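What follows is a set of notes on a single structure, which appears directly below.
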Amino acid sequence: MRLLNVGHRVAALRQSVAEKFVLPERFKGTVVEKWVNYWHGLVRDYSEVTIGVVKESYAKPKKALAYATGITLLYKAVENNPDHEAFMTILRRNSNRMITVPTERQNPEASQYLVTLERAINQKKLRLLSLGAFTLLWVDLYDEDDCTYPAICEYTTVSWLNFHERVIDVGFWNEFWRLRWKMRNYDINYL
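Position 179, counted from 1, in the sequence shown is what our numbering calls 164; the numbers after and before it change by one each time, with no gaps.
Structure follows, in structure tokens:
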């Protein structure tokens, strides 16, 4: 219960600082006074919110633990969000694993998925859309360097209504999950 007295300590500290700091007369009624008042109000608001959070966490510890766990997991998901380099590393590793297996013993589903990804990369149509906690891997209609009219016209590009049809993989926690699922049985024992 010692931390519950933090609110009184902060209020006393704020009052003593306000008593010691007096704005000179030449700054009264100017932009400087408004600026100082703004920062005083901002510090007061944030200190009240912080004190309220501490008090509520003591009153409802399970709720505070749930919020802290959720925020930590979201932070770690954002931190481990895969990027283009991670995707290329995973794709190369899986392609190298697939190459070690003779063609007649490869899982056709895994082989076709790798060919689809490699074709999209060679045609420069593969795009990554990072959404903070996860990444969407999708295939565009046109090459990224294409400057023809259909490629730059807003009516012939992929719209948000049918964007979900173009998504081919989802990256989360340093892994692309559809690629992982397709490669789980990539050799003769895929049945």
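Even glycine gets a Cβ: it sits at the ideal position worked out from N, Cα and C. In this text, all values refer to a predicted model and were calculated from it rather than measured experimentally.
Quiz item: Is the beta carbon of S42 sitting closer than 8 Å to the one on A49?
Solution: yes
Exercise. Note down the Cα distance separating I106 from W162, rounded to an integer number of angstroms.
Key: 18 Å
Quiz item: Any idea which residues DSSP pairs T188 with across the strands?
Solution: Residue 188 is absent from the model: the chain starts at -14 and stops at 176.
Practice problem: Find the nearest neighbour of K109 within the set L116, T120, S115, V124, judged by alpha-carbon distance. | Solution: V124
Quiz item: Taking the Cβ atom as the reference point for each residue, do Y31 and N92 lie within a distance shorter than 8 Å?
Solution: no
Practice problem: Confirm, please, whether the CB-CB distance from V155 to L121 is below 8 Å. | Solution: yes
Exercise. Look at the Cβ atom of R29, then the Cβ atom of R(-1), and state whether they are nearer than 8 Å.
Key: yes
Self-check item: Segment limits, alpha helix (DSSP H) that includes Q97
Solution: 93 to 107
Self-check item: Three-pair Cβ contact test at 8 Å for the segment 113 to 120 versus the segment 78 to 90
Solution: no
Practice problem: Please work out which residues of its chain come closer than 8 Å, Cβ to Cβ, to S1, disregarding the five sequence neighbours upstream and downstream, and give them in chain order. | Solution: none
Quiz item: What is the rounded straight-line gap between the Cα of M168 and the Cα of Q97?
Solution: 11 Å
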